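These notes concern the structure reproduced below.
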Amino acid sequence: MSFVVQDIAKTFGGQKVLESVSLSVEKGEFVALLGPSGSGKTTLLNIIAGLTQPDGGRLEIDGEDITRLPSGARRFGMVFQSYALFRHMTVADNIAFGLRVLPRAQRPGRAARAEKVKALLELVEMPELGNRYPAQLSGGQRQRVAMARALAIDPRLLLLDEPFSALDAKVRQSLRSSVRSLQKKVGVSAILVTHDQAEAWALADRVAVMNRGRIEQFDTPEMLRGAPATSFVADFLGIDMLER
Amino acid sequence: MSLRQRLLIGLAVLFALIAIVAPVAAILTRAFGDGLGAWWSAIVEPETLHAIWLTVLTALIVLPINIVFGIAAAWAIARFRFPGRRALLILIEIPFAVSPVIAGLCFLLIYGAYGPVGAPLMNEGIQLMFNLTGIVLVSLFVTCPFVMREVLPVLQVTGEDEEKAALTLGANGWQIFRHVTLPNILWALVHGAILATARAMGEFGAVSVVSGAVRGQTMTLPLQVELLYNDYNTTGAFAAATVLTALALVTLMLRSAIAAVHPEAGGRT
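In the order they appear, the protein sequences are chains P and E.
Residue numbers are given in this note's numbering: position 155 of the first sequence equals residue 184, and the series is strictly consecutive.
Residue numbers are given in this note's numbering: position 224 of the second sequence equals residue 275, and the series is strictly consecutive.
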C-alpha cells in the first residue's frame, strides 16, 4: 500500500487554507502532520478522510485515484479528537459498527462479527469491557475503543486527529507507545495530526511540518532537527539557526 | 421556614388553585353532576363521538408529518450553512407569534373557494376548506414549530462527530440517521411530538375558521364543546370537555414521565 497526496488545494470563504500540498506515505509508515493551529493540518486530514472536498489536486492509493470517492468507500479508519464514540451503543457495538453497516453480501455473520470484536478488544487490552457504554470508560479506554472501531474495517489507512489531546499527561505517555505498537502489529499505514512535537517525534517515521497551508519540510525527525529547511521549521522546533 | 417563604408558597398554591385546579374541578363536577349515566350518554351522543374521532384522526395525520418535517428542518439548520438559513429559522417560528384565528383566516383567503390556490382546485372538484383537509392544514400550521424547536438544540450540541465517524466507517445516510442521529435525538423528538399533539387536539381558533362548523361533520372536540354549551346542553358540553381534559392530562403525564427518565429532554418547553 502506498498513499499519495498531490497538489491538494482548499479555499474556505476566500481564504486559502491549503496551497498545493503534496505528501506520500509508504506501506506501514507512520507520518505525522505537525504544525500550529490554523496551519491546515486538520483540513488536510479531513480531505484525506473524504469529509471535505478539495478544490484541486489528487489523492491516490496504490495508483487508484480516490479524490472523488465517498468517505465510506475509501475504507480509511479515523480516530477523532473527541473519539466520537456512539454513546448509546456498547463498546462491542461501537467496534462492530463498520461491519454491521456493510452491504448484506459483504457483511460478516453475527458470529463472525462477535469473533472480530473479541479479537480487537484483546488487541487493545480491554477484553472484559465489551458490554460497557462509552460514558462508563476512562479517557484512555475511550481512545482505545476508538482505535479498535477504526481498525475493525481493516482500514487501508489509519487517520488520527489529535488523539491524545483529551488525555492527561501521564496517560498520554503510555498511550503513545501503545498506539505505535498497535499500528506496527496491524501493519497499517497511519497519518497523525498533532501540534505537539514530542508526540510527532515519539510516533512518526516521517514528519511533515505545516505552516499556513503549506508543507515547509517533510522528513525524518533526525533530518528535521539536524537540517531544518526553513526558518519557520527551525523556529517552530526551537532550533537556533545562528548556533549551527 | 420563614414567614416570607410561607407567604410565597401560599401565593403559588392559591394561584394554582384559582387558575388550574378550580376549572378542572368545575369541569368534572358539572360533567358528572347529573350522574355517571348522564355523562356516559352525553359522550356516546353520535355528534360528540364523531368530534372525538375527528380530533384524534387530525392528531394522527398531523403527527407523522410534524415529525418528518421537524427533523428535516432541524437537521438542515443544525448541520448546514446555506443562504436563507436564518430566514427559515424565523419562518418556522411564525406560528408561535401569529394568532391562530388570523392564521385560519389566511388559510381561508388562499385555499378557500375564491382564493388563488383554492379557486383553480375548486374547478377541478377539489375542496380544501370546510372539511378534514382544511382542519389538518391549519393544525399543521399551528403545530409545526414544536418538534423542530425541541430537536434543534440537541442536534446543535451533539452528534456531529459521531455522524462523521459513522460516515468514515461506511454507513449510508439512512444508516447514520437510524443508528446514530435518531437515538441521540429520540427523547427530544418524543417530547416535541407530545407537545405538538396536545396543541393539535386543543386548537380552537384556527380550526373554527376553516372547519365551517358543520354539525356532526367538521366539529372537532373543542368546537363541539362550545357548540353544546351554546345549545344550553351543559352536561354534554362538560362531558365532552372531560374527554379533552383527559387527553391533555395523558399527554402531560407522558411528558413528565419522560422528563423523569430523561431529564435532558424534558427541561425545555
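Note that CB positions come from ideal geometry on N, CA and C, so glycine has one too.
What you are looking at is a predicted structure, and each value in this text was computed from that prediction instead of being measured.
Terminal residues of the continuous alpha helix (DSSP H) containing residue i?
i         : result
ARG235(P) : Not the alpha helix (DSSP H): ARG235(P) falls in the beta strand (DSSP E), residues 235-240.
SER49(P)  : From DSSP, SER49(P) is part of no alpha helix (DSSP H) but of the beta strand (DSSP E) over 44-54.
THR71(P)  : 70-78
ALA61(P)  : Note, ALA61(P): premise wrong, no alpha helix (DSSP H); beta strand (DSSP E) at 59-63.
VAL222(P) : Segment 219-223 is the beta strand (DSSP E) holding VAL222(P); no alpha helix (DSSP H) there.
TYR280(E) : 272-281
HIS242(E) : 233-253
ALA257(E) : 256-262
Find out if the Cβ-Cβ distance for the pair residue i, residue j is shorter than 8 angstroms.
i         : j         : result
MET180(E) : VAL261(E) : yes
ILE220(P) : ALA181(P) : no
MET176(P) : GLY69(P)  : no
THR302(E) : THR232(E) : no
SER218(P) : LEU196(P) : no
GLY121(E) : GLY243(E) : yes
GLY216(P) : GLY57(P)  : yes
LEU188(E) : TYR162(E) : yes
THR285(E) : ARG81(E)  : yes
VAL146(P) : GLY159(P) : yes
THR223(P) : LEU63(P)  : yes
SER49(P)  : ASP91(P)  : no
SER111(P) : ASP212(E) : yes
GLY224(E) : PRO97(E)  : no
GLU89(P)  : GLN35(P)  : yes
What's the call for residue i, buried or exposed, on a 16-neighbour Cβ count within 10 Å?
i         : result
MET155(P) : buried
ILE95(P)  : buried
LEU169(P) : In the sequence under discussion, the amino acid at residue 169(P) is Gly, which differs from the Leu named in the question. Flag for GLY169(P) reads buried.
LEU62(E)  : exposed
LEU204(P) : buried
ARG178(P) : buried
ALA308(E) : exposed
ARG103(P) : buried
ARG319(E) : Legend: pLDDT at ARG319(E) = 40, less than 50; position of this residue unreliable, no value from coordinates given.
MET304(E) : exposed
PHE133(E) : exposed
ARG173(P) : buried
LEU160(E) : exposed
SER259(E) : buried
ALA316(E) : In this predicted model, ALA316(E) has a pLDDT of only 49, less than 50, meaning its place in the structure is not dependable; the value taken from the coordinates is given anyway. ALA316(E) is buried by the Cβ-count criterion.
ALA291(E) : buried
PRO196(E) : buried
LEU142(E) : exposed
GLU82(P)  : Correcting the residue identity first, residue 82(P) is Gln in this sequence and not Glu. Exposed.
Tell me which residue opens and which closes the beta strand (DSSP E) that residue i is part of.
i         : result
GLY195(P) : With the sequence shown as reference, residue 195(P) is identified as Ala, and Gly is not the correct amino acid for it. No beta strand (DSSP E) holds ALA195(P); DSSP gives it neither H nor E.
GLN82(P)  : Element bounds for GLN82(P): n/a, residue is neither H nor E.
ARG243(P) : 243-248
ALA179(P) : Per DSSP, ALA179(P) belongs to no beta strand (DSSP E); it is in the alpha helix (DSSP H), 168-180.
VAL34(P)  : 32-41
Can you pull the chain E neighbours of residue i, defined as C-beta to C-beta under 7 angstroms?
i         : result
ASN95(P)  : One detail in the question is off: residue 95(P) reads as Ile in this sequence, not Asn. Near ILE95(P) there are no residues of chain E at all, since even the closest Cβ is about 13 angstroms away, more than 7 angstroms.
LEU131(P) : GLY221
PHE105(P) : THR219
So which residues on chain E does residue i lean against when the C-beta distance must stay under 8 angstroms?
i        : result
PHE32(P) : Ordered by position in chain E, no residue passes the 8 angstroms Cβ test against PHE32(P), which lies about 15 angstroms from the chain.
Show which residues of chain P have a CB atom less than 7 angstroms away from the CB atom of residue i.
i         : result
GLU393(E) : Limits of chain E in this structure are 52 at one end and 320 at the other, which puts residue 393(E) out of reach.
PRO146(E) : What PRO146(E) touches in chain P: nothing, since even the nearest Cβ is about 32 angstroms away.
List the residues of chain P whose Cβ lies closer than 8 angstroms to the Cβ of residue i, in chain order.
i         : result
VAL231(E) : PHE115
Is the closest heavy atom of the ligand SAH to the C-beta of residue i under 7 angstroms?
i         : result
GLY163(E) : Only the bare structure without any ligand can be found here, which leaves the ligand SAH out of the picture.
Kindly provide the ranges of any alpha helix (DSSP H) runs that are 4 or more residues long and lie completely inside the region 133-209 of chain E, ordered along the chain. The region 133-209 of chain E contains these whole alpha helix (DSSP H) runs: 136-148, 151-162, 169-174 and 183-208.
What are the complete beta strand (DSSP E) segments, minimum 3 residues, inside the region 70-105 of chain E? none
Counting only runs that start and end within the region 84-159 of chain P, where is the alpha helix (DSSP H) found for 4 or more residues in a row? 100-103, 120-129 and 139-152
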